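Student: Protein chains in written order, with the working numbering: chain A, 1351 to 1680; chain B, 332 to 867.
C-beta: ideal position from N, C-alpha, C; glycine also.
Being a predicted model, the structure only gives us computed values, none of them experimental.
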Amino acid sequence: MHRAWRLTKRRLVASIPVLAIVILGTFLLMELAPGDAVDAYLVSLGGGDSRLADDLRQSYGLDQSALSRLWLYVSSLARLDLGWSIVFNRPILDIVLERLPNTLWLMGAATALAFTLGSLLGILAGAWPGSALDRVLSIGSLTLYAVPGFWLGLVLILVFSVQLRWLPTSGIETIASGKVGIARALDIARHLVLPVASLGFIYLALFLRMMRAGMGEVWRQDFVLAAKAKGLSRRRIVVHHVARNALLPLVTMLGLQAATMLGGSVVIESVFAIPGFGRLAQEAVAGRDAPLLMAVIIVSAVLVIIVNLLVDIAYAWLDPRVGSSEAASR
Amino acid sequence: MSISEISRRRLLGGTVILAGGAVLSRFGFAQSAIEGGRLVVAADSEPRNLNPAIVASNGVFYIASKIIEPLAEASFDGTDGLAPRLATSWEGSDDGLSVTFKLREGVTWHDGKPFTAADVAFSAMEVWKPLQNIGRSVLANLESVETPDELTAVFKFSEPTPLQLIRNALPVVSSVLPKHLYEGTDIAANPANNEPVGTGPFVFAEHRAGEYYRLTRNESYWGEGEPKLDELIFRVLPDRAGAAAALEAGEIQLAAFSQVPLSDLDRLSANSELEVVTKGYEALTYQLIVEINHRNEILNNLKVRQAIAHAIDRSFVVDTVFLGYAAAATGPVPKNAPEFYEPDVTLYPFDIEKAKSLLDEAGYPAKDDGPRFSIRLLPAPFFSETRAMGDYLKQALAAIGVEAELVSNDAPGHLTAVYKDHDFDLSIGAAVFRGDPAISTTNLVQSGIPDGTFFSNQGGYANPEIDKIIAEALVTIDTEKRIELYNEFQKLVTADLPLINVADWGFTSVASVDVKNVANNPRWVVSNWSDTAIAG
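(1) Over what stretch of residues does the beta strand (DSSP E) that includes B:Thr825 continue unbroken?
(2) Could you name the residues of the same chain whose beta carbon sits closer than 6 angstroms to that of B:Ala587, not counting the 5 residues immediately before and after it, in chain order?
(3) Taking only beta carbons into account, state which residues of the region 532-547 of chain B come closer than 7 angstroms to chain A, listed in chain order.
(4) Just to confirm the assignment: which complete alpha helix (DSSP H) runs, minimum length 4, are found wholly within the region 1356-1417 of chain A?
(5) Taking the alpha helix (DSSP H) that B:Trp836 belongs to, which residues open and close that run?
(6) How do the region 675-684 of chain B and the region 635-650 of chain B stand: do at least 3 beta-carbon pairs fall below 8 angstroms, yes or no?
(7) Only counting the same chain, and skipping five residues up and downstream in sequence, which positions put a Cβ closer than 6 angstroms to that of B:Glu673?
(8) Looking at the secondary structure, which residues open and close the beta strand (DSSP E) in which A:Asp1484 lies?
(9) Figure out for me which residue from B:Gly437, B:Ala693 and B:Thr651 has the closest Cα to the Cα of B:Arg636.
(10) What span of residues does the beta strand (DSSP E) with B:Ala418 cover, start to end?
(11) Roughly how many angstroms lie between the CA atoms of B:Asn524 and B:Leu546, to the nearest whole one?
(12) In the region 612-664 of chain B, which residue ranges form an unbroken alpha helix (DSSP H) of at least 4 residues, counting only runs that do not cross its ends?
(13) Could you tell me which whole beta strand (DSSP E) segments of length 3 or greater appear in the region 715-767 of chain B?
(14) To which residues does DSSP link A:Pro1670 through a beta bridge?
(15) Under 6 angstroms Cβ to Cβ from A:Gln1632, same chain only, skipping five residues before and after it: list those, please.
(16) Say whether chain A places a C-beta atom closer than 8 angstroms to the C-beta of B:Gly466.
(17) Rounded to whole angstroms, what's the CA-CA distance from A:Leu1668 to A:Arg1594? Just pull it up for me.
(18) Does the contact criterion of 3 or more C-beta pairs under 8 angstroms hold for the region 827-837 of chain B versus the region 805-812 of chain B?
(19) Along the region 554-569 of chain B, where does the CB come closer than 9 angstroms to a CB of chain A? Name the residues.
(20) Show which residues of chain A have a CB atom less than 9 angstroms away from the CB atom of B:Glu815.
(21) Checking contacts by CB at 8 angstroms: is A:Pro1384 closer than that to chain B?
(22) Let's test the definition: count the other Cβ atoms within 10 Å of the Cβ of A:Pro1498 and tell me whether it reaches 16, buried, or not, exposed.
(23) Taking 8 angstroms as the CB-CB limit, is B:Leu355 close to chain A?
(24) Of all the options A:Gly1531, A:Leu1487 and A:Gln1414, which has the alpha carbon lying nearest to the alpha carbon of A:Leu1556?
(25) Indicate whether the contact test is met: 3 or more Cβ pairs, each with one atom in the region 731-741 of chain B and one in the region 780-795 of chain B, closer than 8 angstroms.
(26) Say whether chain A places a C-beta atom closer than 8 angstroms to the C-beta of B:Pro781.
(27) Mind listing which residues of the region 730-742 of chain B have their C-beta closer than 9 angstroms to chain A's C-betas, in chain order?
(28) By the criterion of Cβ-Cβ separation under 7 angstroms, what are the contact partners of B:Val591 in chain A?
(29) If you pair each beta-carbon of the region 1600-1615 of chain A with each one of the region 1518-1529 of chain A, do three or more pairs fall below 8 angstroms?
(30) With a threshold of 16 other CB atoms inside 10 Å of the CB of A:His1590, please say whether the residue is buried or exposed.
(31) Straight-line CA distance for A:Leu1660 to A:Val1601?
(32) To test your reading of the DSSP string, which unbroken alpha helix (DSSP H) runs of 4 or more residues are found completely within the region 447-534 of chain B?
(33) Given A:Ala1547, which residues of its chain have a CB within under 7 angstroms of its CB, disregarding the five upstream and five downstream residues?
(34) Do you know offhand how far B:Ala761's Cα is from B:Gly573's?
(35) Using a Cβ-Cβ distance cut-off of 8 angstroms, determine whether A:Asp1537 contacts chain B.
(36) For B:Ser335, count neighbouring C-beta atoms within 10 Å of its own C-beta (all shown protein chains included) and say buried if the count is 16 or more, exposed if not.
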């Protein structure tokens, strides 16, 4: 447990400059983008005179200099206040808390699907390298990986919602259904099947390929030859020796994927009309809502840091070599 | 009211709809016996302010018009093209300094309080005139509103104001708010802006952000036997292909404002459960325009502008960019505003040779080693059609030896570049004709508009003759004379080309055949839907 704690501490300290850079970078990018929140708002109004724009700018505090706005933002952030959203005209914290669970469910389920199914199929492919099954899985996964997420989502909608009518096309739950408890949970699960599948299937390919490649390397190692020489069954060699040793890089990948998946959820959440975090990011950019976008990015960054921390801890647990060198040197 | 020049494809589309059957009943009242039920429609955005008295935009009206009503609504067959809502009659004085509205009796707000002239006076003086994006200009000369009795409101103007303009502006400008909820508060920040209280056929029930708006039946609505529906739901569907799928799966019954991409319409109209409706947008005509920066010396030359106008094949734009769901434009007023439309204007038929010789005359001869000249072209990102028009115009200009560099921005970026920084040469824009040229058409060519005013003349164009006509029409009380002035206006604009009008388009709706009384007024999607019903 010591190792885990040390890791946590180191990670948290290292994440502070990362967060600072993220905040500053986001603010700069939003400043550099032409147009501000008032311009974005006036598009939706279909126009308005310049005095109206000035009035709005004043009421949003956008008439102040960029530096003073940044200072105001950072100082309120230091008090753990995420600020007020211009686009939604509500406290940002409320919006974040409302949207985050949807995305966490979506990402969690998609990651679980991609990881378990991906590594299982990867083991199948890697167990008999060069076999027909391996080829089919390799080509299939490559194809899947090349498919854009939104397109896969639309195809799934067309097949399962429009043609077969098994699943709802979009949304997070049935509108004003009045369902509670388990009925509601099942309803939400039904709504999540297609988005999770479209998000998960693409990353599944990645895990499959990685597992297979990792196993390919392990097959060539001496201890596998020794295992074969011992006369172990192929099944035992695959599961206990080859797959197990090829699994570690996948855990690393899991952490890296958390960040990419947040990006992928922007598209999937739009296609499936899920009020989640990815869509929030898109809405914040379109509305030039700098505080909201920064909140989204900060929370995402924290999320990624946490996931990676968990991965590191899991890694340390799975592989005794990790972190032990430090313990020895101390 | 009809668009006289209908493209071939649109006509064919129409016959498909007719062949689909059941179409006749939906435009009449044959189905008025149907009552109750829930109608679910698609919404592509969630306006941050749902108050149409402050934000008079189609996105807000789409939802809020069912809750908050105007004094009068646009109508296909009513007098002056209007149907009474909260006002039952309106009359202007001979000097043009006052307009008297008689108001409807027995109307109550959703919270039970009675609706009176005080609400109208408050809305006009405290909201429409000082706060509303359209009212700020249309009602600029409104001095006071007198209320001699509970059901009479007299608008007093400081300058002669044409009744015709006020009439035409009513559907957009005159959403009445409850004085008792707004008086003495910060109107722009009132919570009722997000949970509106009105007199309309539907009552605001709830908004689940990112999911839906739910409206329920107003049991004490003034319209007899209305509304027909028990519940009206606006489901938020940000993805356009997703909206089409939801329609096909029967999860929603209507998608408006061309939310279903034009390219999907052929497929959907083959579905016997659905139909494509192009009616119901006659008073919401959008205009595809090429905005010109006259500060650019080359473009300041009339011959160059004429050459560009001749280089555009309008029928190609209608057929390819709009897939037939549009009409070629002749000038700044669209054909489906017959009250003002002037057909006898300078036309610019597609003629590459003529365009080339005009450029030669202007002093920009063809070169062997490059283009005649280069310009920056900024297509507005508001619609896929404006972006597609940018791609087309680049090619059309290349055909006459002019190089256009496409500059793409998102919406705020585009507005900043064109209307604030004037950092463009040509821009593809979308203008809206709002029933009267004085509302949002003349400002596209008028001079002296402050910098940074969106959707106005920011191209540095100034023509005293046109300015004079615009100013005169604004205070001309006599309707005939006012129309004459606007006819002259159209002739001058097409002759001098401060901008180039390319096409006029209305949107399309896709509706389930179960939805009845669809598109029975020219602003149907943004009207109150009190008689809309659903079968089954």
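Tutor: Walking through what the data contain:
(1) As a first step, residue 825 of chain B must be located in the second sequence, where it is residue number 494. Element bounds for B:Thr825: not the beta strand (DSSP E) but the alpha helix (DSSP H), Thr810 to Asp827.
(2) For the purposes of this step, residue 587 of chain B is taken as residue 256 along the second sequence, with counting starting at 1. Excluding sequence neighbours, B:Ala587 sits near Ser840 and Val856.
(3) Ala540, Gly541, Glu542, Tyr543 and Arg545
(4) 1387-1395 and 1400-1410
(5) Numbered from 1 along the second sequence, position 505 holds the residue referred to as residue 836 of chain B. Segment Leu830 to Trp836 is the beta strand (DSSP E) holding B:Trp836; no alpha helix (DSSP H) there.
(6) yes
(7) Within the second sequence, the letter at position 342 stands for residue 673 of chain B. Closer than 6 angstroms at Cβ, skipping near neighbours: Asn818 and Gln821.
(8) Within the first sequence, residue 1484 of chain A is the residue found at index 134, counting from 1. Unbroken run through A:Asp1484 is the alpha helix (DSSP H), Ala1482 to Ala1496; no beta strand (DSSP E).
(9) The count along the second sequence starts at 1 and reaches residue 636 of chain B at position 305. Among B:Gly437, B:Ala693 and B:Thr651, the Cα nearest to that of B:Arg636 belongs to B:Ala693.
(10) If you number the second sequence from 1, residue 418 of chain B lands on position 87. Start and end: Ala418 to Gly423.
(11) Residue numbering aside, residue 524 of chain B sits at position 193 when the second sequence is read from its first letter. Residue numbering aside, residue 546 of chain B sits at position 215 when the second sequence is read from its first letter. Going from the Cα of B:Asn524 to the Cα of B:Leu546 covers about 15 angstroms.
(12) 633-642
(13) 733-737 and 757-764
(14) As a working note, residue 1670 of chain A is residue 320 in the first sequence. Checking the DSSP bridge columns, you'll see A:Pro1670 has no partner listed.
(15) As a working mapping, residue 1632 of chain A is identified with position 282 in the first sequence. Result list for A:Gln1632: Val1616, in chain order.
(16) Sequence index remark: in the second sequence, residue 466 of chain B carries index 135 (1-based). With its beta carbon at least 8 angstroms from every one in chain A, B:Gly466 lies outside the interface.
(17) Stepping through the first sequence from its first residue, residue 1668 of chain A is reached at position 318. Stepping through the first sequence from its first residue, residue 1594 of chain A is reached at position 244. Taken atom to atom, the span from the alpha-carbon of A:Leu1668 to that of A:Arg1594 is near 10 angstroms.
(18) no
(19) Glu562, Ile564, Arg566, Val567, Leu568 and Pro569
(20) Translated into positions along the second sequence, residue 815 of chain B becomes position 484. Neighbourhood of B:Glu815 in chain A, by CB distance below 9 angstroms: empty, with the nearest CB roughly 28 angstroms away.
(21) Along the first sequence, one-based indexing puts residue 1384 of chain A at 34. Yes, contact with chain B.
(22) Within the first sequence, residue 1498 of chain A is the residue found at index 148, counting from 1. Exposed, since its Cβ has fewer than 16 Cβ neighbours within 10 Å.
(23) Taking the second sequence and counting its residues from 1, one reaches residue 355 of chain B at position 24. Low local confidence applies: a pLDDT of 42 at B:Leu355 is under 50, so the model's placement there is unreliable, with the coordinate-based value given in what follows. So, not an interface residue.
(24) By 1-based counting over the first sequence, the position of residue 1556 of chain A is 206. If we check each option's Cα against that of A:Leu1556, A:Leu1487 comes out closest.
(25) Taking 8 angstroms as the limit for Cβ pairs, the verdict is that the region 780-795 of chain B does not touch the region 731-741 of chain B.
(26) One-based indexing of the second sequence puts residue 781 of chain B at position 450. At a cut-off of 8 angstroms between beta carbons, B:Pro781 contacts chain A.
(27) Asn740, Asp741 and Ala742
(28) For the purposes of this step, residue 591 of chain B is taken as the residue at position 260 of the second sequence. By Cβ distance, chain A contributes nothing, its closest Cβ being about 13 angstroms from B:Val591, past 7 angstroms.
(29) Too few Cβ pairs lie closer than 8 angstroms, so no.
(30) Position 240 of the first sequence, counted from the first residue, corresponds to residue 1590 of chain A. So A:His1590 counts as exposed.
(31) Along the first sequence, one-based indexing puts residue 1660 of chain A at 310. Along the first sequence, one-based indexing puts residue 1601 of chain A at 251. Cα to Cα, A:Leu1660 sits roughly 10 angstroms from A:Val1601.
(32) 448-453, 466-469, 494-504 and 510-513
(33) Here the question's residue 1547 of chain A lines up with position 197 in the first sequence. Closer than 7 angstroms at Cβ, skipping near neighbours: Leu1506.
(34) The residue labelled residue 761 of chain B in the question sits at position 430 within the second sequence. The residue labelled residue 573 of chain B in the question sits at position 242 within the second sequence. Taking the straight line joining both Cα atoms gives about 25 angstroms.
(35) Mapped onto the first sequence, residue 1537 of chain A falls at position 187. No - not a single Cβ of chain B is within 8 angstroms of the one on A:Asp1537.
(36) Counted from its first residue, the second sequence places residue 335 of chain B at position 4. Model confidence at B:Ser335 stands at a pLDDT of 41, short of 50, so the residue's coordinates are unreliable and nothing is read from them.
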